[in-house]
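The structure appears right after this line, and notes come after that.
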Amino acid sequence: MFDFLAKKFGDLFELFSKETTFTDENTAKILDEIKAALIDSDVPYDVVVDFTRQVKQDLLGKKVLKNVRPDEQLLKIVYERLVKFMSQGGQDCFSFEIPSVVMVMGLQGAGKTTTIAKLVHFVKTQAEKKRKNRSILVASVDFYRPAAVEQLEIVAQQAAAVFYRAQEQNPVAAAMEIYQKFKKDRYDLLFLDTAGRLHFDEQMMQELQQINQKLLPRYKILVLDAMTGQQSLSIAQTFDQKVGFYASILTKMDSNASAGAALAFRYVLKKPIWFIGTGEKLPDLQEFVPDRIAQRMLNMGDMQTLIEKIDDKIHAAEQEKMNKALLSDAMSLEDFGLQIDMMNKVGSLSSLMKYIPGIANKLSAEQIDAGEREVKRFRAIISSMTPKERKDVTVLNDSRKQRIAVGSGTTVQDVLILLQRFEQVKQYAKLLKKSGPFGGLFR
Ligand code: GDP
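Take a look at the structure:
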């Protein structure tokens, strides 16, 4: 997501790691490199100038700390500036008061319909964690794009929201009809999908203004496509002047241009970004938390998001069982196999690496690929074992190893590697047990 910028910053800090102190020359070079990295990430030029000017001030005002390496000091300065830049004018803290109408706006193709389904999924999942149930109504007044209403109906069902089709054909009258339905049936939330156009359009704005005046939605959210880069800024400014909006959601952040859009939007518009869309599926929505985003932009990893991802995908009871197994002396290959399954549930190895500090930049795509293939092989080998073999690896004699290799389509050498890795994991678990979970690991 932020790979491009992260790589650029990674190279920059690497370059600086050989320096022993800040000098006029290396400071100027650093500022030039930061400028180039941001411009290449599609950050608007005046934003880049502001950013580097502030980093320069921080660098000049900085007493060089004797015991801290200059590249580490620089990382800290850039990190803190990025966080400040992305926290301008208000909190990115997300919450919907109940009951509320949420009007979702944006150009056609920005991702409004998809994002509504993701929002429903998010709100419902959060509520379920607190053992609550949220009743959510979704409806559309987009009568211009063919099949827009049907598309919303399908995704609403996938996200387990109630879909309502207005009888009225005029968007403003339809919005009122939908609102009456929402009030009458006492839903907690109404997500209203509105019409977008390919480009800015006066009629579209007037329609939105009228719906806004009639419904007085508590929340107006602007959905912006991060891939449109700097153009998204002027789109946002127009929506703000004409209709006003409360917060935005940046979609398609899984694209490369995403860092520029996030930085520029936050700095120029000074409005919250509530979420970022990171794919086409329902769970591909992440809260926008400036310090975590800055960590990812700088390849510092993002353990908090990783832990939340794990929490979402794996139930607490499963985690507990696994932790117990991991920390017990009797960990078996059965547990090891389950651990692999759990990891697969959370995501691919390459998608998880990005969150782990210090690893993100160190492994090549080939190494990660090889790791992924190895994990798949391990799973196949474990599946070819009998329950007895999985419980107690000491029974594995040569003929059993041969049989397992044939059964799993691997080689005896692969079986031996698995046993070796399993032994390492057990040793590692022993270490963890001594220092506590995660103890000393990510310092
Ligand atoms: P709308 O016209 O604003 O309602 O846009 P849609 O919701 O129909 O989305 C347009 C296209 O963008 C669809 O193909 C979506 O699957 C895709 N899309 C939406 N959000 C994301 C995202 O965060 N990442 C990616 N990769 N695609 C997205």
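All residue numbers for the sequence shown refer to our numbering, where the first residue is 131 and numbers rise by one. Think of the CB as a built atom: it goes at the ideal place given N, C-alpha and C, for glycine as much as any other residue. Since this is a predicted model, take the numbers as computed values, not measurements.
Under the criterion of a Cβ to heavy atom distance below 6 Å, does residue i qualify as lining the ligand GDP?
i	result
Asp384	yes
Gly359	no
Thr182	no
Ala240	yes
Gly407	yes
Gly390	no
Gly477	no
Glu502	no
Thr151	no
Thr540	no
Thr368	no
Gly537	no
Glu410	yes
Thr324	no
Thr244	yes
Thr381	yes
Per the DSSP calculation, residue i is bridged to which residue(s)?
i	result
Leu204	Its beta-bridge partners do not exist; DSSP assigns none.
Val555	None, per the DSSP bridge assignment.
Met430	DSSP output for Met430 lists no bridge partner at all.
Ile351	Val234 and Ala377
Phe293	Val268
Asp323	Val234 and Ser270
Ile403	Ser378
Gln416	Ile406
Going by beta carbon distance, what residues of the same chain come within less than 7 Å of residue i, once the five residues before and after it are set aside?
i	result
Ala304	Val271, Ala296 and Glu298
Phe568	Bear in mind that a pLDDT of 41 at Phe568, under 50, signals an unreliable position, so the number given afterwards is only what the model happens to contain. Same-chain partners within the cutoff: there are none.
Gly570	For Gly570, the pLDDT reaches just 36, beneath the cut-off of 50, and the residue's location in the model is therefore unreliable, leaving the point undetermined.
Ala535	Thr541, Val542, Asp544 and Val545
Phe369	Met235, Leu352 and Phe375
Lys165	Val178 and Thr182
Tyr294	Leu267, Ala269, Ile308 and Lys311
Keeping to the same chain, check which residues put their C-beta closer than 6 Å to that of residue i; ignore five residues upstream and five downstream.
i	result
Phe139	Leu428
Ala157	For the record, residue 157 in the displayed sequence is Thr; it is not Ala. If we look at Thr157 and ignore the five residues flanking it on each side, its Cβ neighbours are Leu189.
Val177	Ala394 and Tyr397
Tyr376	Tyr349 and Lys350
Ser318	The sequence as given places Asp at residue 318; Ser does not occur at that position. Within the same chain, Asp318 has close Cβ partners Ile228, Pro229, Arg264 and Ser265.
Phe132	Ala389, Arg426 and Met427
Gln360	Pro174
Glu448	none
Leu142	Glu163
Glu307	Ala296 and Glu298
Ala455	Met461 and Asp465
Given residue i, which residues of its chain have a CB within under 8 Å of its CB, disregarding the five upstream and five downstream residues?
i	result
Lys531	Val542, Val545 and Leu546
Arg520	Ser462, Leu463, Glu464, Gly467 and Ile512
Leu363	Pro174, Ala394, Phe395, Val398 and Leu399
Trp404	Asp222, Phe224, Ile351, Ala377, Ser378, Ile379, Glu417 and Phe418
Phe273	Val279, Gln299, Pro301, Ala304 and Ala325
Ile470	Val505, Phe508, Arg509 and Ile512
Ala392	Met216, Ala356, Leu380, Met383, Ile403, Ile406, Phe418 and Ile423
The ligand PLP and residue i: does the residue's C-beta get closer than 6 Å to at least one heavy atom of that ligand?
i	result
Asp331	You won't find the ligand PLP in this model; what it holds is the ligand GDP.
Given 8 Å, three or more beta-carbon pairs between the region 452 to 468 and the region 241 to 249: no
Stretch pair the region 502 to 514 + the region 463 to 478: three plus CB contacts closer than 8 Å: yes
At least three beta-carbon pairs within less than 8 Å, the region 249 to 265 to the region 325 to 342: no
The region 402 to 409 / the region 275 to 284 touching (three or more Cβ pairs under 8 Å): no
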